[in-house]
Structure formats: structure tokens, C-alpha cells
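In the working numbering, each number is its position in the sequence shown, counted from 1, plus 2. We put the CB at the ideal spot given by N, CA and C, even for glycine. Below is one structure; the comments refer to it alone.
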Amino acid sequence: MRLITVPFSHYCEKARWALDRARLPYVEAPHLPLLHWAATFGAGGGRTVPVLTTEDEVVADSTDIIRWADRRAAAADRLVPDDARTRGACDALEDELDETFGPAVRRIGYSYAFAHDPLMRALLTRTGAPRWQLATFRLTYPLARAYMTRALAIDDHTVAPSYDVVRRTFDRVADMLRDGRRYLLGDRMSAADLTFAALAAPMVGPAEHPFPVPAEHAPEAVQAGWREFRAHPAGAFVLRLYADHRR
Ligand SMILES: N[C@@H](CCC(=O)N[C@@H](CS)C(=O)NCC(=O)O)C(=O)O
3 MRLITVPFSH
13 YCEKARWALD
23 RARLPYVEAP
33 HLPLLHWAAT
43 FGAGGGRTVP
53 VLTTEDEVVA
63 DSTDIIRWAD
73 RRAAAADRLV
83 PDDARTRGAC
93 DALEDELDET
103 FGPAVRRIGY
113 SYAFAHDPLM
123 RALLTRTGAP
133 RWQLATFRLT
143 YPLARAYMTR
153 ALAIDDHTVA
163 PSYDVVRRTF
173 DRVADMLRDG
183 RRYLLGDRMS
193 AADLTFAALA
203 APMVGPAEHP
213 FPVPAEHAPE
223 AVQAGWREFR
233 AHPAGAFVLR
243 LYADHRR
């Protein structure tokens, strides 16, 4: 099995974590942003990573990859609740996180990476992407940055509201945990927990992340964000999920 990724993408981390949790063997095929299109379309997926290819299937969305892995996981490792009502709540929460929270975190992340060359350089070189992609990205960087800045709607008017989305989501997660439950939907880890933790990871910087944002190249504003969000109960929850379930 092959998981086509841009390794630092938080949607890819979501899929990778689900496959690791289900103990399914796969090889990660790392790519750089935009240059991944040849691989994803070539494999029969769409324009986004992650894409999982198996002998007879192409699974081209992180939510579908979780479901695919879950059907093959041992009962104790399953992330999709058995009970229909809890499953409905899990699906709804995961979708909402994917649609609103994930893009907000991505916009914030790229806004820093585009403004700080050493951070971007460190992120790219640590991917293990093919050398031709690193060379091409370097050569076309001004164009790639301009395209992605527009495609991701990164500007002074969008980054601050994205922080609002992140803070509101953290507050909402903290509210859900306020009654002392260990996980968002009760006493079992579900796809909603994994999704929140994987998508929130760039804002918190958990030590167990397989492709961490390199702290030594992170500007002070990123480090200040990590301090803020780690001190939040939802950030502490992310750190706990990584410490307990992502070793
Ligand atoms: N719904 C998709 C979203 C994945 C996604 O947005 N991936 C981004 C990377 S963070 C991507 O590949 N973007 C490339 C593009 O839109 O061309 C999933 O969960 O797999």
C-alpha cells in the first residue's frame, strides 16, 4: 500500500495516524505542494493529498482513509463508533473540523511559512520528497508562493479571522470535555478525536508528531501560538492524545 502525501499536511497526518493505529503496513510517498498533482491524479485520485492506493482501490480523502483503515483494524483500535447515534455525532464533528478548522489552521501555517524562508526551507527539505521536486519548487518558488497565497486566500484580512476559528474550536472542544470525559464522544477515542488532534497539531506542536514544525526555525509568533494553545484545555487534550496514542 502507498500513501501519497505532502508530509507536513495535517490532513495527511490524519490519514497516516489512522493507518498506524490500525497497524496496516504502507509506504509513504512524500511530495511537495502542487508538485503532488502528478502523483495524485496519476494514481486515480484528485488534486488533494492524502491518497491511499492499494492493489485494487484508490482512497482519496482522509475521512475515507480512516473508514477504510477502521474496517481492517482490531476491535480495540477502531475509531468509528458502533452505536449509530454516536457514529452520527462523530461523522458530523469530523466533517465540520475538516471543512472549517482544517483550512483555518492551514492558512495560518502557510502564512508563517511564506513569510519566513528558513521555516519553509526546513519544512520542504525534511519531507524526503524526490530531489527533482525540491529543485523545481526552489526554482519556481515565487510563482508557487503567489499561486498558493491566492488559492488559500492568505492576506491581512483572512489570517486574523482564521485565528478566531481556531480559538472558537478550541473553546468548543474544551466545553465538550468539561464534564470530565476522556474523549470528545465519551470514554473511547474516536475519529473525531484523531481528526481534531491531527488538524490542531500545527497550532500546538506535539513532540510525538512524525513531521513536526521545526521549532528551531519557527518564528517567535509561532512559538507564542504554541505557548497559548498548549495552555488551553483543548491544546492539553491534543498533547495527551499524541502522548498516549501516537508513540
Ligand atoms: N477533504 C480532503 C482535504 C485534503 C486537503 O485539503 N489537502 C490539501 C493539503 S493540506 C491539498 O492537497 N491541497 C492541494 C490542492 O487543493 O490542490 C481530505 O480530508 O483528504
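Hey, could you find the ends of the beta strand (DSSP E) residue i is sitting in?
i	result
T55	53 to 55
T7	4 to 7
Just confirm the distance between the C-beta atoms of residue i and residue j, as a whole number of angstroms; I'd bet it's less than 8 angstroms.
i	j	result
R248	W19	6 angstroms
A176	E96	At roughly 18 angstroms, the Cβ-Cβ gap does not stay under 8 angstroms, so A176 and E96 are not in contact.
A24	G47	About 20 angstroms; that fails the 8 angstroms criterion.
A199	L243	4 angstroms
F213	P9	5 angstroms
R108	L154	7 angstroms
Once the 5 residues before and after residue i are set aside, which same chain residues still bring their CB inside 6 angstroms of it?
i	result
E30	L5, T7
Y2	Because the chain here runs from 3 to 249, residue 2 falls outside it and cannot be looked at.
A17	P52, S64, I67
Hey, could you find the ends of the alpha helix (DSSP H) residue i is sitting in?
i	result
A31	No alpha helix (DSSP H) contains A31, which is instead part of the beta strand (DSSP E) from 29 to 32.
R248	Element bounds for R248: n/a, residue is neither H nor E.
V215	Per DSSP, V215 belongs to no alpha helix (DSSP H) and is neither H nor E.
A200	193 to 206
A169	In the sequence as displayed, the identity of residue 169 is Arg instead of Ala. Run containing R169: 158 to 179, per the alpha helix (DSSP H) assignment.
Y13	12 to 23
So what's residue i in DSSP terms, helix, strand or just coil?
i	result
G46	coil
G227	helix
G237	helix
Leaving out five residues before and five after residue i in sequence, what residues of the same chain have Cβ atoms less than 8 angstroms from its Cβ?
i	result
Q135	H33, L34, L37
R89	V82, P83
In chain order, what residues of the same chain lie with their CB nearer than 7 angstroms to the CB of residue i, ignoring the 5 residues before and after it?
i	result
I235	Note on identity: in this sequence residue 235 is Pro, with Ile being the wrong assignment. Answer for P235: A176, L179, listed in chain order.
V60	A45, G46, G47, V53
V167	T102, F103, A106
Y165	I110
- [ ] Tell me the start and end of each unbroken alpha helix (DSSP H) in the region 55 to 90 that is at least 4 residues and wholly inside, in chain order.
- [x] Within the region 55 to 90, the complete alpha helix (DSSP H) runs of at least 4 residues are 64 to 72.
- [ ] At 4 residues or longer, and completely inside the region 91 to 156: list those alpha helix (DSSP H) runs for me, N to C.
- [x] Scanning the region 91 to 156 from its first residue to its last, the whole alpha helix (DSSP H) runs of 4-plus residues come out as 104 to 117, 119 to 127, 133 to 141, 143 to 153.
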